[in-house]
Structure formats: C-alpha cells, structure tokens
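Trainee: Dropping the structure in here first, questions after.
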Amino acid sequence: MEYLDLQLIHALQIDGRAPLRRIASVLGVSDQMAARRYARLREQAGLRVIGRLNPRPVGQTVWALRLQCIPNAALGLAHALAEREDTRWVQLASGGTEVICHLAVHSDSDRDALLMDRLPSSRRVTSITAHRMLRLFKGGPTTWDGPTSALSREQMDALAPSYPLPHAQAAPVELTELDHVLLTALNRDGRASHAALAALARCHESTVRRRITHLRTAGALFFVMDVDERLLGDPAATAIWMSVQPSQLAAAGAALAGHPEVAYAAATTGRTNLLANVLCSDDESLYTYLSDRIGTLLGVDTVETAPIIRTLKRDGSVARNSSTLRSAP
-4 MEYLDLQLIH ALQIDGRAPL RRIASVLGVS DQMAARRYAR LREQAGLRVI GRLNPRPVGQ
56 TVWALRLQCI PNAALGLAHA LAEREDTRWV QLASGGTEVI CHLAVHSDSD RDALLMDRLP
116 SSRRVTSITA HRMLRLFKGG PTTWDGPTSA LSREQMDALA PSYPLPHAQA APVELTELDH
176 VLLTALNRDG RASHAALAAL ARCHESTVRR RITHLRTAGA LFFVMDVDER LLGDPAATAI
236 WMSVQPSQLA AAGAALAGHP EVAYAAATTG RTNLLANVLC SDDESLYTYL SDRIGTLLGV
296 DTVETAPIIR TLKRDGSVAR NSSTLRSAP
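Below, the structure is given as structure tokens:
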C-alpha cells in the first residue's frame, strides 16, 4: 500500500467516524483525494468501519472457543459459525484442524444453546474448550496501530475523539429500541451518516446524533476498522495461549498491551488464562517474539501457539452483497 493509504487506515483506527474532510486536513491532502483513497480501500481492501457494543456495559459475556475437528470438517464448521450474529473473529488454525472464535452472549441460555446443544451434537467436533473473557488488556475499544503506524503524535492527537475509551468498569447501559435499530445499521456501516440513520429509524437527525453521542460517552459503543490485514504487509497471525501465575497475570497482560506485535490480549478462565493474538512478518520474527518478549515475562509457566491459516470473520458481520447506507462525508 502507498503511505497515504496507511495514513488513512491509521486515522480511521483512531476514530472511525471522523469526517473525511477532517482527516484530509490533518493529513494535508484535499478532500477529494481522501475520498478517492477511501473508496479505493473499501473496494480493493475490504475496508469497513463497524460500530460495536462494548460487551460488559450492555450485559454481554464474551467467550473464546477452541474447537478441535476431524480432518476436512473445520472449514465448513467455521463458515457456519461465521454466519452467526453472536460470533466474531472466526479463524482456522493449527493446520486446519482447529477453529477459534469469539462468542458474545447476553444470557446463559444463549451460551448453552451453542456450547451444550449444537456443537456437542456434531460429529465433526472432537473437543471443545471455552474460555470466558475476564479482563481485556488490548483490542476491542483499544486502538491498535500495528503495521499501520503512519501518523505523527500531533496528527494522532488531532484525530483522537473526545469520547472516553470504554473500559472494564463502565457503568451498565440500558439499550432502547432506537439503540437496537442504530446498532444494527452501524454494524453494517459504522460511517453511516446521521441523516441516513434518522431516515432508517424514522426519527429526527438530532435524536440520532444525541443517542450515538450518549452511547459513546457511556462507553457502550465504539468503532473498529475492519480490513484484510494481508494487504498490510502479509503478517502471519498466531494465537498464543499462556498459563500465568495469578500473582503475575495483571503485569503480564499489561506488558502484552505494550507490544506492537500484539493485536489482542485478554485474561481468561481455563487451564490457560492469558490469550494473545500477534502479527509477525515471518517465522523468524515470531521466534524472536516468543523468545525475547514472551520468554522474559515473569510468571509464565506454559505457552501454546496456534498459527492462523485463514480468517473467515473479523470484527464485523460476514460480508454480504447488500446495499449500505450513505456514509458520512
């Protein structure tokens, strides 16, 4: 990608709903140039901005699932999981015999319907491991620069939204009927204009603007930038499952959050209690990361790696051939 493309992606990672004219001003290019590059990235790189709920304030629980499958069955199972509304980050790992996905549910019955009924009844699944997410150290609402760190500190500060970042202690938020309409639309297109959202919700544009502002201020709504990471230098993704002594878990999670290779890190339940997703340029870089970064963390007893060979679903819904709302300029 050209450097301007990386700058635009980095800008959208900071604030996915920032108007293109403001991004263009910060980058020092014309509005037309920013609009053309944005349109090209949408078409060629699958770039989308997605509105996402912060699980804890709205009463959701997130699980990381590891599903061991019989040969030649994992891909079909992964496709089926990717089609579900309650999943994200559905990936094939370990040579195509393992499926990893995140499941966000509102109730125990929703969780059990998948984990205790549907998956165990499938002959394609040989084992299931479910880890409940306890503390998010990096990912989700946390901006990850990764391989797209293309902006100066001054540019990043100029684009940073005024809303507080969602965090683990955000107060509970009661979602309204209007919220559900807006969230469904924003999950399809996080840059949908207030006018388009108001027409869809059949209410005043000012009402939509106030409600989105409220959800962002309360920490219940944030925006992520979804793009095919292979176009950012073809980094190799790897899931790392670690068993860490409880007294060192917070320190190890904080250390991972500071590593540029780490896109996601969370404390979990289970035999392994720390999960990280890392992106490294090649096997040698992964080896160096494991030996020089993970190897120096205190309290890490065991480390298990699972190379990701295909990502079927990232943050947003599976791409569909459907029209999108008019995006904000």
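Going by our numbering, 129 is the number at position 134 of the sequence shown; the sequence numbering is gapless.
Positions of the beta carbon are idealized from the N, C-alpha and C atoms, including for glycine.
1. One question on the structure: do L1 and A29 come within less than 9 Å of each other, judged by their Cβ atoms?
2. Return the residue from the list D310, L131 and A193 that minimises the CA-CA distance to A180.
3. For D112, report the span of its beta strand (DSSP E) as first-last.
4. Going by the beta-carbon positions, is the gap between G185 and R309 smaller than 9 Å?
5. Do A231 and D277 have their C-beta atoms within less than 9 Å of each other?
6. So for L(-1), helix, strand or coil by DSSP?
7. Could you give the uninterrupted runs of the alpha helix (DSSP H) lying entirely in the stretch 170 to 209, keeping only those of 4 residues or more?
8. List the endpoints of the continuous beta strand (DSSP E) containing D221.
9. Let me know if M111 comes out buried or exposed under the rule of 16 or more other beta-carbons within 10 Å of its beta-carbon.
10. C275: which of T291, T300 and T264 sits nearest, CA to CA?
11. Which value, in whole angstroms, describes the spacing of the CA atoms of R79 and G134?
12. Tell me the DSSP secondary structure of G41 in three-state form.
13. Here's the rule I'm using: 16 or more other beta-carbon atoms within 10 Å means buried, otherwise exposed. How should E93 be labelled?
14. Does the separation of the CB atoms of D296 and S238 fall below 9 Å?
15. Taking 8 Å as the threshold, find out whether the stretch 61 to 75 comes into contact with the stretch 110 to 130 through three or more Cβ pairs.
16. Using 10 angstroms around the beta-carbon of T208, count the other beta-carbons present and answer buried if the total reaches 16, otherwise exposed.
17. When DSSP labels each residue in this structure, what does V298 get in the three-state scheme?
18. Here's the rule: buried if 16 or more other CB atoms are within 10 angstroms of the residue's CB, otherwise exposed. What is G214?
19. Report the start-end ranges of each beta strand (DSSP E) in the stretch 28 to 99 that is 3 residues or longer and not cut off at the edges.
20. Am I right that V53 and L98 are in contact with their C-beta atoms under 8 Å? What's the rounded C-beta distance?
21. I'd like the list of long-range same chain contacts for I18, defined as Cβ closer than 6 Å, with 5 residues on each side in sequence excluded.
22. Nearest to D10 by CA position, among P156, V176, H199 and E38, is which residue?
23. Kindly list the residues whose CB is nearer than 8 Å to the CB of D221, restricted to its own chain and excluding five residues on each side of it in sequence; keep chain order.
24. So, helix, strand or coil for A155, using DSSP?
25. For the stretch 283 to 290 and the stretch 61 to 68, state whether three or more C-beta atom pairs, one from each stretch, are separated by less than 8 Å.
26. Where T291 and L60 are concerned, what is the direct C-alpha to C-alpha distance, given to the nearest angstrom?
27. What's the C-alpha gap between T212 and Y158?
28. I'd like the list of long-range same chain contacts for Y(-2), defined as Cβ closer than 7 Å, with 5 residues on each side in sequence excluded.
29. Should R266 be labelled buried (16 or more other beta-carbon atoms within 10 Å of its own) or exposed?
30. Short of 6 Å in beta carbon distance, which residues of its chain neighbour H126, apart from the five on each side in sequence? Order them along the chain.
Mentor: Reading off the structure:
1. no
2. A193
3. In the DSSP assignment, D112 falls outside any beta strand (DSSP E), carrying neither H nor E.
4. Their beta carbons are not under 9 Å apart, which means G185 does not touch R309 by this criterion.
5. yes
6. For L(-1), the three-state secondary structure derived from DSSP is helix.
7. 172 to 183 and 189 to 196
8. L216 to D221
9. exposed
10. Taking the Cα of C275 as reference, the smallest distance to any Cα among T291, T300 and T264 is reached at T300.
11. 21 Å
12. coil
13. buried
14. yes
15. The stretch 61 to 75 and the stretch 110 to 130 touch, with no fewer than 3 CB-CB distances between them shorter than 8 Å.
16. exposed
17. strand
18. So G214 ends up on the buried side.
19. 43 to 48, 56 to 64 and 82 to 88
20. Not really, about 15 Å apart at Cβ, beyond 8 Å.
21. Cβ neighbours of I18 beyond the five flanking positions: A6 and A29.
22. P156
23. Hits under 8 Å: G41, L42, R43, V44, I45, R309, D310 and G311.
24. coil
25. no
26. 27 Å
27. 5 Å
28. A145
29. exposed
30. Contacts found: A59, T263, T264 and G265.
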